[in-house]
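*Asks:*
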Amino acid sequence: MLIKSISGVRGLVETSFAPQTVPQYANAVHKILSDGAIMLGRDSRPSGEEISMKIVNELVRLGRNVIDCGIVPTPTVQFMAGETDSAGGIIVTASHNPIEWNGLKFVREDGVFFFPKECEELYSLVEKPTKNNLIPQAGMYWQEKNSIQKHIIHIAELSCIDLNKIRQRKFKVVIDAVNGAGAVALPAMLEALGCEVIQMNCT
Numbered sequence: 021m022l023i024k025s026i027s028g029v030r031g032l033v034e035t036s037f038a039p040q041t042v043p044q045y046a047n048a049v050h051k052i053l054s055d056g057a058i059m060l061g062r063d064s065r066p067s068g069e070e071i072s073m074k075i076v077n078e079l080v081r082l083g084r085n086v087i088d089c090g091i092v093p094t095p096t097v098q099f100m101a102g103e104t105d106s107a108g109g110i111i112v113t114a115s116h117n118p119i120e121w122n123g124l125k126f127v128r129e130d131g132v133f134f135f136p137k138e139c140e141e142l143y144s145l146v147e148k149p150t151k152n153n154l155i156p157q158a159g160m161y162w163q164e165k166n167s168i169q170k171h172i173i174h175i176a177e178l179s180c181i182d183l184n185k186i187r188q189r190k191f192k193v194v195i196d197a198v199n200g201a202g203a204v205a206l207p208a209m210l211e212a213l214g215c216e217v218i219q220m221n222c223t
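Numbering of the sequence shown is given in this note's numbering, commencing with residue 21 and proceeding in unit increments.
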């Protein structure tokens, strides 16, 4: 069963969420968002890379620039969308669902998930697609290698975080990231806070 909600769309890969339908969602996002590049990120599911490239190919074909953050936590894509002049973002993830699932989350230019009205418009465009205007030239694609580090710096600079107090406590933290999207980000963030980190499944 394909689940569609304000949290995005998700389902079983190759059945309810077929990769060949992904370009339709990318096309709809292109029509909803204002001009500008689109941020892209994904979790560590095996199907994520193929789905991401289908999004890239469709958006570039439509004349959109795509900035690919790779495997990163969902909030990192939201941060990058909100802190840059991008038009918004797409995240390839099925959140808590099993590894056989995948899906898409949609982000506005302010880093917030699509509102219900925008989700309704998107799903309507997927079900009843309209023609695109003439496309003068293809968009560009590039990879953003430092999105996690940029996000960590932003978090460390928040006024609600007292770095000195945290570092003085000299916390020792054990992390089992189950080789997920936070496998790189979590240890790096905790180390930036002065914690001693013991890593498990953080690759």
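Ideal placement from N, C-alpha and C gives every residue a C-beta, glycine not left out.
Can you tell me the Cβ-Cβ gap for Ile58 and Ile119, rounded? I've got them flagged as a contact below 8 Å.
*Replies:* For the purposes of this step, residue 58 is taken as the residue at position 38 of the sequence shown. For the purposes of this step, residue 119 is taken as the residue at position 99 of the sequence shown. With 8 Å as the limit, Ile58 and Ile119 do not qualify as a contact, their Cβ atoms being about 26 Å apart.
*Asks:* Taking only runs of the beta strand (DSSP E) that begin and end inside the segment 78-161, which ones reach a length of at least 3 residues, in chain order?
*Replies:* Entirely contained in the segment 78-161, the beta strand (DSSP E) runs reaching 3 residues are, in chain order, 86-91, 108-112, 121-127.
*Asks:* Across which residues does DSSP place Val194 in a beta bridge pair?
*Replies:* Start at 1 with the first residue of the sequence shown, and residue 194 comes out as number 174. Val194 pairs with Ile218.
*Asks:* Count the other CB atoms within 10 Å of the CB of Glu78; is the residue buried (16 or more) or exposed (fewer)?
*Replies:* Residue mapping note: residue 78 aligns to position 58 of the sequence shown, counting from 1. Buried, by the Cβ-count rule.
*Asks:* Looking at the strands, I want to know which residues DSSP matches up with Met59.
*Replies:* Locating residue 59 in the sequence shown gives position 39, counting from the first residue. Beta-bridge pairing links Met59 to Ile87, Gly109.
*Asks:* Given 8 Å as the limit, is there contact between the segment 192-201 and the segment 79-94, that is, 3 or more CB pairs closer than that?
*Replies:* The segment 192-201 vs the segment 79-94: in contact.
*Asks:* Kindly indicate which three-state DSSP category Ser72 falls into: helix, strand or coil?
*Replies:* Sequence index remark: in the sequence shown, residue 72 carries index 52 (1-based). Helix at Ser72.
*Asks:* For Ser167, name the three-state secondary structure that DSSP assigns.
*Replies:* Counted from its first residue, the sequence shown places residue 167 at position 147. Three-state result, Ser167: helix.
*Asks:* Taking a contact to mean a Cβ-Cβ separation below 8 Å, would you say Leu213 touches Leu183 in this structure?
*Replies:* To locate residue 213, count along the sequence shown from 1; it is residue 193. To locate residue 183, count along the sequence shown from 1; it is residue 163. Yes, the Cβ-Cβ distance between Leu213 and Leu183 is below 8 Å.
*Asks:* Just to check my reading of the structure: Val86 and Leu60 have Cβ atoms closer than 8 Å, yes? What is that Cβ distance to the nearest angstrom?
*Replies:* Your numbering for residue 86 matches position 66 in the sequence shown. Your numbering for residue 60 matches position 40 in the sequence shown. About 6 Å separates the two Cβ atoms, so the contact holds.
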